[in-house]
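Numbering (my numbering), first residue to last: 53 to 771.
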């Protein structure tokens, strides 16, 4: 009895930005990738494995593109992938609500001569718009089967997979129809085919000669530059000139016009509008949301609302986690055998729980903030935010496409830096990279979540958070203007951005997006922050101090044996002496010595040696600022269960707390960001300029804030 061998195939997902391509990729592979309604999310090659029965399929998620050329980084990636890899099937994902625009790419994909499955996604949107498709006509026209899906809800996915299997296992491959451009153009294409068919195209094997003929006639810069076509370059240039004279426009326009003509004819035949097309709801909403005067204030108000909801919803959960970690540390301390392995006990209770627990305690803030941002992205509003900011950002030498990495920077600066690859202008890309650390990433959120509730009344907490986030954006824009006027001079780029229709995201997609970003935070807490907390505890503890400025043990014993001092007073004095002894030990440690050294420089901005030592860890990861404060104060507080926020409130003023947040916002980025900036800029000069420039800027800004606040006596009193 014969056995069925498992077969392997390669399938490419291609489509316009915002057509739901990545959502379908997630359903096929289970590899949940960030789904957002703006271009530039998928810049590099993404792939996963899908099993359909006995078939194993490698699914390649190509970047969202509008055409198959090589004029942008996304198009280059898709172009190279389709030309150099052996693709068995192209899944062309089409936004069914905008068929004419999406089908332009379809006409180019059809010319590759690879079997194709057209997926009319977002079929529910098309239905709401009153679009009715004659599927058989469209299938005959393009020579490819069509399936309808609603990717956001998983509808039609199984039917799509069965059609994929049918095409992949077909004995005779079903190639797309040969599209006709009109007699004159078809004759010219045939003439170019004849020229290049005599060349050695072995390096480009698998791609139809007709495809190269069309692209060369069109004047595709990448193909025209290939040495293999050099022998016929002059003849083809002559044909392009002849075509331009005949049609009165250049070849770069003639062929696209012919494609749009084909698409228009196909749509007239196969698409009906079943109700009168009125002004779409999205357009009506956009009249307000993208209004020249109202757009920016609305964006700022929406972000303020997100921060308000973050604090309101997260506060009860933060309290629960904080109480849990306090209880855990206290329980370990009480159950630990007295006098045995005290260093290990302190390491676990003060170092690990105090450090990692201090960071994990603010996980609810991370979850709710990302949930809010995921909702804005899923509805399509974030694309409007980039559009609204485009005009404003031109004042500072940037454009809306730079705003996309800045939005991603609210999650993590590292992927935000990588997202700048979608910016065509090298000067704009470098400018954007240089200012990205000024976006308040999720690593800074625990710092804000620790300090804001401790030092600011509840009614001002969302406003304070909003001010910090907006301050980062404003400083980034000012920094961009300075660099575009000095290091990266050049004319502004024009940025065309698609505004997808408003949609209600599914709860599942929101949870996936929220969880994925939060998972990065948890992984960081379980690895880097855990190791760093242990290291910080060690440098906070060693070397051990044996000689003190006074004999604390003798004084404490005397108080304990005293029968004349009232109980309450005796207990208070003993606690004070123990606290002083712990503080002396901490000052004697490595961290204390570094902190004392830095205090000389940092005192004018309100920072004492403890804050200075906390800033050391923040270079590895911003969250470690919270970890170090947690370790420092857990080691110096006699009352073990005292919440960190209460301790900080007793030692610092609101003005100092605000300066801490500003310094952590503006100063040197974490080591991970430094590494990726070095790689993406390929310049140590720019990397070090960013590192030291931001730190100096943070110091000067905090100096102004602290000295001015002290002069005006704003927030200078202990609470």
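For glycine and all other residues, C-beta sits at the position ideal for the given N, C-alpha and C.
Because the structure is a prediction, the values reported are computed rather than measured.
Query                                                                                                                                                                               : Result
Taking residue 221 and residue 197 to be in contact with their CB atoms under 8 Å, please state how far apart those CB atoms are, rounded to whole angstroms.                       : Contact doesn't hold; Cβ gap of about 14 Å is too wide.
Looking at the unbroken alpha helix (DSSP H) that takes in residue 137, where does it start and where does it end?                                                                  : Per DSSP, residue 137 belongs to no alpha helix (DSSP H) and is neither H nor E.
To which residues does DSSP link residue 676 through a beta bridge?                                                                                                                 : Answer by DSSP bridge pairing: none, since residue 676 is not bridged.
Taking all protein chains shown into account, do 16 or more other C-beta atoms lie within 10 angstroms of the C-beta of residue 297, making it buried, or fewer, making it exposed? : exposed
What does DSSP give as the partner residue(s) for residue 772 in the beta ladder?                                                                                                   : Missing from the structure shown is residue 772; the chain here goes from 53 to 771 and no further.
In chain order, what are the residue ranges of uninterrupted alpha helix (DSSP H) at least 4 long that sit wholly in the stretch 241-288?                                           : 261-270 and 273-276
Roughly how many angstroms lie between the CA atoms of residue 494 and residue 652, to the nearest whole one?                                                                       : 31 Å
Where does residue 389 land, buried or exposed, given buried means 16+ other C-beta within 10 angstroms?                                                                            : exposed
Let me check understanding here. Comparing Cα to Cα, which of 395, 131, 450 and 482 lies closest to residue 594?                                                                    : 395
Could you tell me which of 747, 698 and 479 sits nearest to residue 733, measuring between CA atoms?                                                                                : 479
What are the uninterrupted segments assigned as alpha helix (DSSP H) that are 4 or more residues long and contained completely in the stretch 498-583, given in chain order?        : 510-537 and 559-578
Could you please give the first and the last residue of the uninterrupted beta strand (DSSP E) stretch that includes residue 67?                                                    : 59-67
Go ahead and pull the three-state DSSP assignment for residue 603.                                                                                                                  : coil
Return the first residue and the last residue of the beta strand (DSSP E) that residue 170 is part of.                                                                              : 168-173
Which residue wins for smallest C-alpha separation from residue 119, given the options 138, 144 and 109?                                                                            : 144
Does the Cβ-Cβ distance between residue 457 and residue 70 come in under 8 Å?                                                                                                       : no
Using the beta-carbon count (16 or more within 10 Å), is residue 370 buried or exposed?                                                                                             : buried
For the stretch 711-730 against the stretch 746-755, are there 3 or more C-beta pairs whose distance is under 8 Å?                                                                  : yes
If you count every other CB in all the chains shown that lies within 10 Å of the CB of residue 675, and 16 or more means buried, which is it?                                       : buried
Going straight from the alpha carbon of residue 609 to that of residue 630, what length do you get?                                                                                 : 11 Å
Please state whether the Cβ-Cβ distance between residue 408 and residue 665 is less than 8 Å.                                                                                       : no
Output the boundary residues of the alpha helix (DSSP H) element that contains residue 202.                                                                                         : Neither: residue 202 is in no alpha helix (DSSP H) and is coded neither H nor E.
Per DSSP, what kind of secondary structure is residue 356 in: helix, strand or coil?                                                                                                : helix
Just curious, the beta strand (DSSP E) that residue 324 is in, first and last residue?                                                                                              : 323-325
Can you tell me the Cα-Cα spacing of residue 363 and residue 681, whole angstroms?                                                                                                  : 21 Å
Can the beta-carbon of residue 588 be found closer than 8 Å to that of residue 679?                                                                                                 : yes
Flag this pair as yes or no: are the beta carbons of residue 469 and residue 485 separated by less than 8 Å?                                                                        : yes
Report the option in 305, 255 and 300 whose CA atom is closest to the CA atom of residue 266.                                                                                       : 305
What residues in its chain sit with their C-beta under 6 Å from that of residue 299, if we drop five residues either side in the sequence?                                          : 306
By DSSP, does residue 480 sit in helix, in strand, or in coil?                                                                                                                      : helix
Classify residue 154 as helix, strand or coil using the three-state DSSP reduction.                                                                                                 : helix
Could you pull out every residue in the same chain whose Cβ sits closer than 8 Å to the Cβ of residue 280, ignoring the five residues on either side in sequence?                   : 251, 252, 253, 255 and 256
Decide yes or no for the touch test of the stretch 127-144 against the stretch 110-117: beta carbon pairs closer than 8 Å, at least 3 of them.                                      : yes
From which residue to which residue does the alpha helix (DSSP H) around residue 184 run?                                                                                           : No alpha helix (DSSP H) contains residue 184, which is instead part of the beta strand (DSSP E) from 183-185.
Mapping DSSP to helix, strand and coil, what is residue 592?                                                                                                                        : helix
From what residue to what residue does the alpha helix (DSSP H) around residue 454 run?                                                                                             : 452-460
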